[in-house]
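Engineer: One structure, pasted below without further comment.
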Amino acid sequence: MAWDELKGATATVRCEPSGREVVVAHDTSLVDAVHQACLPLGQSCNGFVLCGFCRVRVLAGAASLTPQAAEEHRLLGTLHAGPDERLACCARVAGPVTITTDYW
Ligand code: FES
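Residue numbers for the sequence shown follow the working numbering, beginning at 287 and rising by one.
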């Protein structure tokens, strides 16, 4: 299904290890989903893809996230991030996703 065809759909974002889940609208950023789950998430650049503090590890559902744009890919490379890591300010959801951080 094309990304635009999912407008009006919802997706579940699960945060481990707490297991806290939120149901968010299609195309919600992971950072907004985490805030809706009332969990803290580091960030200092307000989504300008400069700090990398919003980095999360995707435990399941990576295919339900928007692909990495060049700026996210570049910053994750600078941070030596693993292949399962994404910047929560960049990644937007279209299906069930499970994520974690080092400090939850
Ligand atoms: S909030 Fe700074 S890179 Fe995501």
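All residues carry an ideal CB built from backbone N, CA and C; glycine is no exception.
State yes or no: is the C-beta of Gly333 nearer than 6 Å to some heavy atom of the ligand GDP?
Structural biologist: Although the ligand GDP was asked about, the structure shown includes only the ligand FES as ligands.
Engineer: For Gly357, count neighbouring C-beta atoms within 10 Å of its own C-beta (all shown protein chains included) and say buried if the count is 16 or more, exposed if not.
Structural biologist: The count along the sequence shown starts at 1 and reaches residue 357 at position 71. The residue asked about is misnamed: residue 357 is Glu in this sequence, not Gly. Under this definition Glu357 is an exposed residue.
Engineer: State yes or no: is the C-beta of Ala374 within less than 7 Å of the C-beta of Leu316?
Structural biologist: One-based indexing of the sequence shown puts residue 374 at position 88. One-based indexing of the sequence shown puts residue 316 at position 30. Cβ distance < 7 Å, so Ala374 and Leu316 count as in contact.
Engineer: To the nearest angstrom, how far is it from the Cα of Lys293 to the Cα of Thr352?
Structural biologist: Looking up residue 293 in the sequence shown gives position 7. Looking up residue 352 in the sequence shown gives position 66. Lys293 and Thr352: Cα-Cα distance of roughly 14 Å.
Engineer: Is Gln354 near the ligand FES, in the sense that its beta carbon is under 6 Å from a heavy atom of that ligand?
Structural biologist: Here residue 354 corresponds to residue number 68 of the sequence shown, with the count starting at 1. No; taking the cut-off as 6 Å, the Cβ of Gln354 has no heavy atom of the ligand FES nearer than that.
Engineer: Report the CB separation of Gly368 from Gly347 in whole angstroms; it is logged as a contact under 8 Å.
Structural biologist: The residue labelled residue 368 in the question sits at position 82 within the sequence shown. The residue labelled residue 347 in the question sits at position 61 within the sequence shown. With a Cβ gap of about 16 Å, Gly368 and Gly347 do not count as contacting.
Engineer: Beta strand (DSSP E) containing Val299: first to last residue?
Structural biologist: The residue you call residue 299 lines up with position 13 of the sequence shown. Per DSSP, Val299 belongs to the beta strand (DSSP E) from 296-301.
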